[in-house]
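**Q** Next up is a structure, given as structure tokens.
Number of protein chains: 2
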Amino acid sequence: MTVAAALTKNQSLVLDTLAASQTPLSAYAILDALRPEGLRAPLQVYRALEKLQERGLVHRIESLNAFVACGHPHCQETEMIAFAICERCGTVDEFAEEKVVEGLSLWAERHAFTIQKAAIEIRGICSDCSRPAA
Amino acid sequence: MTVAAALTKNQSLVLDTLAASQTPLSAYAILDALRPEGLRAPLQVYRALEKLQERGLVHRIESLNAFVACGHPHCQETEMIAFAICERCGTVDEFAEEKVVEGLSLWAERHAFTIQKAAIEIRGICSDCSRPAA
DNA sequence: GATTGTAATGTAATACTATTACATATGATC
DNA sequence: GATCATATGTAATAGTATTACATTACAATC
Ligand SMILES: [Zn+2]
Ligand SMILES: [Zn+2]
Ligand SMILES: [Zn+2]
Ligand SMILES: [Zn+2]
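Residue numbers (our numbering), protein chains in the order written: chain D, 309 to 442; chain E, 309 to 442.
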């Protein structure tokens, strides 16, 4: 039984930056946030992001070209995670909905399509933002 | 009762290019294809794409930064269309799966999230490409 | 048919996102 | 300490999208 290797310095920096953010960050936003720590080139960020995604610690939001720290407790239990993105405040909610997974799996089965990964992203207004102003 | 305005020259050029393609095309690929017709700048393509998307004649594939002509007969009947993208041959299948829509709507309802649009994209291997070589 | 308002177009410049290529360093294993 | 794999550093470049401004086309109105 192997133990997961520790995160490297750059990986930790990137993950911490994402975890501290309320909203998704672009690779370049991460880079700018980490310039004080000595990062200088986009590739340093992209490489860290790649490793973090492989471990499931970070997700890419395709419709934003941006990244978020994993915020779902059971993320490893399903391959198909969905994201709800608020257009107003930018927050992202990560969730797994069995019915969605079933629906996509069903279609795939019927059409002999082998799913490798999925991007499921809904955009709209979150509950906080649709509440009448206090 | 208003009649939908006819497509403009650039819009027609872009739509025809997409319709003739077996796979999604990037905006710049479209531009290159249309240089012989006189197009010169990215914006000419992006503007046409924007109008075509408003009409539902073209969809953007978020995970590819590319565009496809609408290939779904009932596309107007639901707001939530899904795409199956083959990693091998690049073809895109557009489909609506009721269970997926229900699942996402259900989550949205429970969390008071107002859905404005959705991007549902599965990546994998299509039936043609997974068949043993003939 | 001149005037006006709107939508579409043309062009240039710039901003944003991501990858390729190559050099160097670090740390474990033998 | 030689070797190998992984992580880093840096520069250059490729790919995607938008801002800003000038011009043209065209229908509606006067
Ligand atoms: Zn997650
Ligand atoms: Zn919100
Ligand atoms: Zn469609
Ligand atoms: Zn295929």
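Every residue, glycine too, gets a C-beta built ideally from N, C-alpha and C. Here the structure is a predicted model, which is why all the values come from computation and not from measurement.
Go ahead and pull the three-state DSSP assignment for residue 309 of chain E.
**A** As a position in the second sequence, residue 309 of chain E is number 1, starting the count at 1. Because residue 309 of chain E carries a pLDDT of 39, less than 50, the predicted location of this residue cannot be relied on, and the following value inherits that uncertainty. Three-state DSSP puts residue 309 of chain E in coil, outside helix and strand.
**Q** Around ligand 1, which residues pass a check of Cβ closer than 7 Å to any of its heavy atoms?
**A** D:364, D:367, D:378, D:379, D:380, D:383, D:389 and D:402
**Q** How long is the line joining the alpha carbons of residue 309 of chain D and residue 367 of chain E, rounded to whole angstroms?
**A** Mapped onto the first sequence, residue 309 of chain D falls at position 1. Mapped onto the second sequence, residue 367 of chain E falls at position 59. Caution is warranted here: a pLDDT of 40 is assigned to residue 309 of chain D, below 50, making its placement in the model unreliable, and no coordinate value can be reported.
**Q** Just the C-alpha distance for residue 369 of chain E and residue 402 of chain D, rounded to the nearest angstrom, thanks.
**A** If you number the second sequence from 1, residue 369 of chain E lands on position 61. If you number the first sequence from 1, residue 402 of chain D lands on position 94. Their Cα atoms are separated by approximately 21 Å.
**Q** Give the straight-line distance between the Cα atoms of residue 330 of chain D and residue 400 of chain D, rounded to the nearest whole angstrom.
**A** Position 22 of the first sequence, counted from the first residue, corresponds to residue 330 of chain D. Position 92 of the first sequence, counted from the first residue, corresponds to residue 400 of chain D. Computed Cα separation, rounded: 8 Å.
**Q** In the region 395-409 of chain E, which residues sit with their C-beta less than 9 Å from some C-beta in chain D, listed in chain order?
**A** 395, 401, 403, 405, 406, 407, 408 and 409
**Q** For the region 324-407 of chain E, which segments carrying the alpha helix (DSSP H) assignment without a break, of at least 4 residues, lie completely within its bounds, in sequence order?
**A** 335-342 and 350-362
**Q** Nearer than 6 Å: is that true of the beta carbon of residue 355 of chain D relative to any heavy atom of ligand 2?
**A** Counting from 1 along the first sequence, the entry for residue 355 of chain D is found at position 47. No; taking the cut-off as 6 Å, the Cβ of residue 355 of chain D has no heavy atom of ligand 2 nearer than that.
**Q** Per the DSSP calculation, residue 431 of chain D is bridged to which residue(s)?
**A** If you number the first sequence from 1, residue 431 of chain D lands on position 123. Residue 431 of chain D pairs with D:393 and E:425.
**Q** Establish whether the CB of residue 352 of chain D and some CB of chain E are separated by less than 7 Å.
**A** Looking up residue 352 of chain D in the first sequence gives position 44. It does not: the Cβ of residue 352 of chain D has no partner Cβ on chain E nearer than 7 Å.
**Q** Candidates D:321, D:365 and D:426: which alpha carbon is nearest residue 371 of chain E's?
**A** Reading the second sequence from its first residue, position 63 is the one you call residue 371 of chain E. The residue with the shortest Cα to Cα distance from residue 371 of chain E is D:426.
**Q** Taking the straight line between their C-alpha atoms, what separation do you get for residue 320 of chain E and residue 327 of chain E?
**A** Indexing the second sequence from 1 puts residue 320 of chain E at position 12. Indexing the second sequence from 1 puts residue 327 of chain E at position 19. Residue 320 of chain E and residue 327 of chain E: Cα-Cα distance of roughly 10 Å.
**Q** Is residue 378 of chain D near residue 357 of chain D, with beta carbons less than 7 Å apart?
**A** On the first sequence, residue 378 of chain D is found 70 positions in, with the first residue counted as 1. On the first sequence, residue 357 of chain D is found 49 positions in, with the first residue counted as 1. No, the pair does not count as a contact, with Cβ atoms beyond the cut-off.
**Q** Could you list which residues in chain D have their beta carbon closer than 7 Å to that of residue 422 of chain E, in chain order?
**A** Residue numbering aside, residue 422 of chain E sits at position 114 when the second sequence is read from its first letter. Going along chain D in sequence order, the residues near residue 422 of chain E (Cβ under 7 Å) are 432, 433 and 438.
**Q** Cβ of residue 314 of chain D less than 7 Å from any chain E Cβ?
**A** Along the first sequence, read from residue 1 onward, the residue named residue 314 of chain D stands at position 6. With 7 Å as the cut-off, residue 314 of chain D does not count as an interface residue toward chain E.
**Q** Any beta carbon from chain D within less than 7 Å of residue 429 of chain E's own beta carbon?
**A** Translated into the one-based positions of the second sequence, residue 429 of chain E becomes position 121. At least one chain D Cβ lies under 7 Å of residue 429 of chain E.
**Q** Compute the Euclidean distance between the alpha carbons of residue 394 of chain E and residue 434 of chain E, then round it to the nearest angstrom.
**A** As a first step, residue 394 of chain E must be located in the second sequence, where it is residue number 86. As a first step, residue 434 of chain E must be located in the second sequence, where it is residue number 126. Counting only the Cα atoms, residue 434 of chain E lies some 5 Å from residue 394 of chain E.
**Q** Answer with yes or no whether the minimum CB distance from residue 417 of chain D to chain E is below 7 Å.
**A** As a first step, residue 417 of chain D is located in the first sequence; it is residue number 109 there, counting from the start. Closer than 7 Å: no.
**Q** Please identify, using Cβ separations under 7 Å, the residues of the region 339-369 of chain D that lie next to chain E, in order along the chain.
**A** none
**Q** On the three-state DSSP scale, how would you describe residue 468 of chain D?
**A** Residue 468 of chain D lies beyond the range of chain D shown here (309 to 442); nothing can be said about it.
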